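Down below is the structure, laid out as structure tokens.
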Amino acid sequence: MNPIKIVEICSELGAAQLGASMGPDAIRMAAHKAGSHFFSKHPIIRLPERNALLADKNHNPGFRYGDILPHFPIG
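All residue numbers for the sequence shown refer to the working numbering, where the first residue is 1 and numbers rise by one.
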């Protein structure tokens, strides 16, 4: 069986609503309060967030997949 790796990105980019970046932390806290040890058993890879791009007036206000995809190399 392949080991589990958790990949997190606390980003507002591509989100339909501000506040989406709190999702991974909220899920981890809810699991902890429920007595789960899932997140302490598996490595967490936290990708850098690029939320500053939201304030950049030269950036397209639509989905910014081009800013997220470089963090997921194929191969």
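Quick reminder that beta carbons are idealized off the backbone N, C-alpha and C, glycines included.
These numbers come from a predicted model, not from an experiment.
- By the criterion of a C-beta distance shorter than 7 Å, residue 12 is surrounded in its chain by 18, 20, 21, 51 and 54, once the five residues flanking it on both sides are discounted.
- In the assembly as shown, residue 9 is a buried residue. Its beta-carbon has 16 or more other beta-carbons within 10 Å.
- Each residue's CA atom was taken as its position, placing residue 43 and residue 37 some 12 Å apart.
- Looking at the DSSP output, residue 46 bridges to 8.
- Here DSSP, grouped into helix, strand and coil, assigns residue 31 to helix.
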